[in-house]
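Student: In my numbering, the protein residues as written are 1 to 130. Yeah, the Cβ is synthetic: ideal placement off N, Cα and C, and Gly gets one too. Being a predicted model, the structure only gives us computed values, none of them experimental. Provided herewith is a single structure, encoded as structure tokens, for subsequent inquiry.
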């Protein structure tokens with residue numbers, strides 16, 4: 001199987017040596033998204049809930065570019081600079097996903113790129129087009 005690079009201008013451009021996502025067969029590996037507004041490449045705000053909402057919007061755009069949706073994600077990794085914000089993540093995530101939910105991990109980290117308070121990456125399984 002060949003590796004297909006997924007890219008969309010509806011999500012922030014990569015700010016390093018990585019792709020927004022890589023698809024192999026029906027599996028899509030999504031790079032971490034932080035709360036950058038795609039059009040400006042600036043942080044959406046300092047508000048944690050707004051940052052989390054922007055991250056899910058960015059992930060949704062990459063999922064769509066890869067031929068799927070957030071509900072096709074099978075594994076989600078959430079990185080927080082303050083684990084006390086986890087309830088807010090759950091609340092916002094529930095607006096973007098429906099059951100059955102993906103497998104998930106959430107960890108606190110000391111810092112994230114550009115001073116973000118949240119970053120999320122994951123793995124998506126898209127229906128085969130064959």
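If you check the beta carbons only, do residue 118 and residue 73 fall under 8 Å apart?
Tutor: no
Student: Would you mind stating whether residue 17 and residue 61 have Cβ atoms separated by less than 8 Å?
Tutor: no
Student: From this set, 54, 65, 42, which residue's C-alpha is nearest residue 22's C-alpha?
Tutor: 65
Student: Roughly how far, in whole angstroms, is the beta-carbon of residue 71 from the beta-carbon of residue 98, given that I think they are within contact range, below 8 Å?
Tutor: 6 Å
Student: Give the DSSP-derived three-state secondary structure of residue 75 in the structure shown.
Tutor: strand
Student: What would DSSP say about residue 52, mapped onto helix, strand or coil?
Tutor: The answer is helix: DSSP assigns residue 52 an H, G or I state.
Student: Label residue 121 either buried or exposed according to how many other C-beta atoms from any shown protein chain fall within 10 Å of its C-beta, with 16 as the threshold for buried.
Tutor: buried
Student: Should residue 24 and residue 41 be called a contact, given that it needs their Cβ atoms to be closer than 8 Å?
Tutor: no
Student: Contact defined as beta carbons within less than 8 Å: I believe residue 78 pairs with residue 104. What is the distance between those atoms, to the nearest angstrom?
Tutor: 7 Å
Student: Could you tell me which whole alpha helix (DSSP H) segments of length 4 or greater appear in the stretch 70-119?
Tutor: 86-96
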